[in-house]
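Engineer: Numbering follows the working numbering, with no gaps: position 430 of the sequence shown is 453.
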Amino acid sequence: MKLFYVLPVFFLSFFNFMLNAQNVNYEVKVVELMAEADADDGGIGSFLYGDQDPTWFVRAQDNAGVGFNTAQCKHVTNQWGDWWNLADYTLITGTNSSATLINVQMECWEKDACGGNCTYRVFQPNPFASNFCLDGDDNYASMGNVSGTLAPSGQISFKNDPPCQWNEYLVSRDGAGSPSNGYEQYWAKIQIKWEYTTFDAGTDDAACDSIINLNASGNGTWSVSAGNGGFFSNNADPNAVFTGQPGETYTLTWSSLAGCLNSTNSSDVIIEIYGLPEPLLSSSSDSICAGDSVTFYANNGINYDWSINSNSSVIQSGSTNTFTTTNLTQGDTIFVTMTDSNSCVGNDFYTIDVSPLPVLNLGNDTTICDGFSLTIDGTTPFVSYQWSTGETTSSISVADSGIYSLTVTNNYDCSTTDNISVGLYTNPTVNIGPDTSINEIDNLLLDAGSGFSSYNWSTGENSSDIFVNEFGEFWVTVTDANGCIGIDSIIVTQIQNNLFLPTMFTPNGDGNNDILLLYGNGFSEDILFQIYNRWGEVVYSTTSLIELKTVGWNGKFNEIDQPGGVYLWTLVANDLGGNPVDFSLIDNMNSSGSILLKR
């Protein structure tokens, strides 16, 4: 008995369906058939007709439901072990189809002696039966899916293969039985040609840069129909990258491939290459001093974003094509991002030389004491100095109040100015009195007054007042809270020729007139003064004028009170010039006299 074979269904899937779900046109056809391993089962057909004849029914259906309505029968006489070339044998075609798979099936058998070539007859020995057949067809494969290495699990993905050409798939169907009892195998060569239904070069576009991504649909090849230069990354890629020249407008033609089912498709797209704009950045100066104003200029745009240094934020944005700043330091770079009328963006940067300013510090404002001067120093050596007083030295000395400014210039020809305000304190006023004269034994109080921070007398004392009992010039220096000083002086002289020796004294211990003293001035220190009692004895003697004026005679001799009465005295002395005193020239004073001691 012969076996019946069925060719497994081939499913031709769209490659990467989720990424590209375009509809397709396709055609599926059988171009060759072959049967091998003829099995002569020794029946009447074999005896009468020799080798049996292979028969195929082939049909196809896509996964959108098109096809499988009928199957075509192909029969060849005694054709085993060799390919049978067929004339046009199209199984199915699709137009604008969403199909992703094609299913091909075959029904096959070995035709023996009974019935027609395309009608399967089984063995029937009953001569009275309507289907009487003593040599029935065998090696039957019922209608079913084909198998093949390019169709795992019975599916062929035709879009994995190139479009617009016939791609061939070798498939087979196994007959029933085994090689020992007439096993046969049936083969078919299936060819499929496909292409995308939609054919379009895409939307007209423009690019700022020289490169633009195309977006065509369908299967074709790119060419440049108008425009100078330009090339494609892959002229068979609908999404090819086109590189053109700035300023050119291109007509790009997308033409269908010669082998496509529809080979006359053609579509154009207009591509304009604007080119990146150039800001042509410039500046008002290429060299400035720190803090100077400098202006940068850009061109050819409608919007400008300005920044200082590459990682900083935009500090000016808008249609203004100039940027002015006073905040640049050495090493800073100006960046501009410019947008032109085509929304194309261009960048540029500019760096200028920024020289440092001289560092000048005249110090804090200050106040000086009236009559004193202040030296204002520009310190660090500079190329030039210009004071507000007109002087050009590095330092000046001032004694008046006011604001003094200095402008200095360094070796970069950069200048800076500083000023200092100078005020004046009023010096303190001190008064220790007018010049005066005192007796030799007098103590004179000199008072500088209170409220000063310090006092410094010519005597070395530091109090606010002092006593003096000498003759000469005395002065005091006082300092106030501002550190200013005031000075005053006084001349103290000795009273001349006012000597007086009392004619009576009463040494009775009552504290009044108990001591005989010499008063006044006019003598030098060395004298000889003596007192005599009535018997001519010397009861008191001194050679010191100071002693006579400060200690005197207490009316005692050898610690014994002398009796009351008249006592005589004598005096020898020199004047202040060191000459012997001419007593005739002195009022109220003689070289001798008497005194009354009264108790």
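Backbone N, C-alpha and C fix where the C-beta goes; we use that ideal spot for every residue, glycine too.
Mind checking whether Thr362 and Tyr320 have CB atoms under 9 Å apart?
Structural biologist: It is not a contact, given that the beta carbons lie outside the stated cut-off.
Engineer: Assuming contact is defined by CB atoms lying nearer than 9 Å, are Cys187 and Asn140 in contact in what I supplied?
Structural biologist: Contact flag unset, no.
Engineer: Please determine, among Pro451, Gly543, Asn108 and Asp458, the residue with the shortest C-alpha to C-alpha distance to Ser473.
Structural biologist: Out of Pro451, Gly543, Asn108 and Asp458, Pro451 has the C-alpha closest to the C-alpha of Ser473.
Engineer: Which value, in whole angstroms, describes the spacing of the CA atoms of Asn204 and Leu124?
Structural biologist: Caution is warranted here: a pLDDT of 49 is assigned to Asn204, below 50, making its placement in the model unreliable, and no coordinate value can be reported.
Engineer: Between Ala211 and chain C, is there a C-beta pair that is closer than 9 Å?
Structural biologist: In the displayed structure, chain C is absent; only one protein chain is listed.
Engineer: Quick one: using the 10 Å Cβ neighbour count with 16 as the cut-off for buried, is Ser330 buried or exposed?
Structural biologist: It is buried - the Cβ of Ser330 has at least 16 other Cβ atoms within 10 Å.
Engineer: What residue ranges within the stretch 84-149 form continuous beta strand (DSSP E) runs of no fewer than 3 residues, ordered along the chain?
Structural biologist: Runs of the beta strand (DSSP E) inside the stretch 84-149: 95-98, 113-120 and 125-134.
Engineer: Let me make sure I understand the geometry here. Which of Ala313, Asn242 and Ile235 has the alpha-carbon closest to that of Glu295?
Structural biologist: Nearest of Ala313, Asn242 and Ile235 to Glu295, Cα basis: Ile235.
Engineer: Determine which residues share a DSSP beta bridge with Thr221 and list them.
Structural biologist: Partner(s): none; Thr221 has no beta bridge.
Engineer: Buried or exposed for Lys621, going by 16 or more other Cβ atoms inside 10 Å?
Structural biologist: Label assigned to Lys621: exposed.
Engineer: First and last residue of the alpha helix (DSSP H) that includes Lys572?
Structural biologist: It spans Leu568 to Thr573 - the alpha helix (DSSP H) in which Lys572 sits, taken as one unbroken run.
Engineer: Tell me, which residues are paired with Phe580 by DSSP?
Structural biologist: Per DSSP, Ile583.
Engineer: Given that a residue counts as buried once 16 or more other Cβ atoms are within 10 Å of its Cβ, and exposed if not, what is Ile115?
Structural biologist: By the neighbour-count rule (16 or more Cβ atoms within 10 Å), Ile115 is buried.
Engineer: Kindly indicate which three-state DSSP category Ser17 falls into: helix, strand or coil?
Structural biologist: This structure cannot settle anything about residue 17, because the visible part of the chain is limited to 24 through 622.
Engineer: Per DSSP, which residues does Glu50 bridge with? Please list them.
Structural biologist: According to DSSP, Glu50 bridges with Thr116 and Lys216.
Engineer: Less than 9 Å separating the beta-carbons of Ile375 and Ser308?
Structural biologist: Closer than 9 Å, so yes.
Engineer: Hey, Asp4 and Ser170: beta-carbon distance below 9 Å or not?
Structural biologist: Because the chain in this structure spans residues 24 to 622, residue 4 falls outside the shown range and cannot be described.
Engineer: With distances taken Cα to Cα, identify the nearest neighbour of Gln519 among Tyr297, Asp610, Asn190 and Thr403.
Structural biologist: Ranking Tyr297, Asp610, Asn190 and Thr403 by Cα distance to Gln519 puts Asp610 first.
Engineer: Between the alpha carbons of Ser336 and Val377, how many angstroms are there, rounded?
Structural biologist: So the alpha carbons of these two residues sit roughly 21 Å apart.
Engineer: So what does DSSP say about Ser307, is it helix, strand or coil?
Structural biologist: In this structure, Ser307 counts as coil in the three-state DSSP scheme.
Engineer: When the distance is taken between beta carbons, is Gln75 closer than 9 Å to Glu133?
Structural biologist: Yes. Within cutoff.
Engineer: Please look up how many angstroms separate the CB atoms of Val47 and Gly117, rounded, as I've assumed it's under 8 Å.
Structural biologist: Going by Cβ atoms, the distance from Val47 to Gly117 rounds to 7 Å, so yes, they are a contact pair.
Engineer: Can you tell me which of the three DSSP states Ser486 falls into?
Structural biologist: Ser486 falls in the coil class under three-state DSSP.
Engineer: Can you give the Cα-Cα distance for Ala703 and Asn119, rounded to whole angstroms?
Structural biologist: What the structure shows of the chain is the stretch from 24 to 622, and residue 703 is not part of that stretch, so it cannot be assessed.
Engineer: Between the alpha carbons of Cys227 and Ser195, how many angstroms are there, rounded?
Structural biologist: A small correction: the amino acid at residue 227 is Asp; Cys does not occupy that position in the sequence shown. Computed Cα separation, rounded: 49 Å.
Engineer: Confirm, please, whether the CB-CB distance from Thr526 to Tyr555 is below 9 Å.
Structural biologist: It is not a contact, given that the beta carbons lie outside the stated cut-off.
Engineer: Using C-beta distances below 6 Å, list every residue in its chain close to Val595, excluding the 5 sequence neighbours before and after it, in chain order.
Structural biologist: Cβ within range, chain order: Leu551.
Engineer: Could you spell out the range, first to last residue, of the beta strand (DSSP E) harbouring Asn371?
Structural biologist: Position check: residue 371 holds Asp in this sequence, whereas Asn was assumed. Unbroken beta strand (DSSP E) run through Asp371: Val368 to Thr374.
Engineer: Decide if the stretch 470-487 is in contact with the stretch 414-423; the criterion is three or more beta carbon pairs, one per stretch, under 8 Å apart.
Structural biologist: Judged by Cβ distances under 8 Å, the stretch 470-487 makes no contact with the stretch 414-423, as fewer than three pairs qualify.
Engineer: Return the CA-CA distance between Phe606 and Leu541, expressed in angstroms with no decimal places.
Structural biologist: Phe606 and Leu541: Cα-Cα distance of roughly 15 Å.
Engineer: Based on the DSSP output, what are the partners of Glu191 in its beta bridges?
Structural biologist: Glu191 pairs with Gln214.
Engineer: Since Asp291 and Leu275 are thought to touch, with beta carbons under 8 Å apart, how far apart are those beta carbons, to the nearest angstrom?
Structural biologist: Indeed they touch by this definition, with Cβ atoms about 7 Å apart.
Engineer: Beta strand (DSSP E) containing Asn326: first to last residue?
Structural biologist: Asn326 to Ile331 is the span of the beta strand (DSSP E), which, as asked, contains Asn326.
Engineer: Exposed or buried, what is Gln268 when buried is set at 16 or more other beta-carbons lying within 10 Å of its beta-carbon?
Structural biologist: Gln268 should be labelled exposed.
Engineer: In terms of residues, what are the limits of the beta strand (DSSP E) holding Cys392?
Structural biologist: Residues Thr389 to Cys392.
Engineer: Between the stretch 381-401 and the stretch 336-352, are three or more C-beta pairs nearer than 8 Å?
Structural biologist: With the cut-off at 8 Å, the stretch 381-401 and the stretch 336-352 do not touch.
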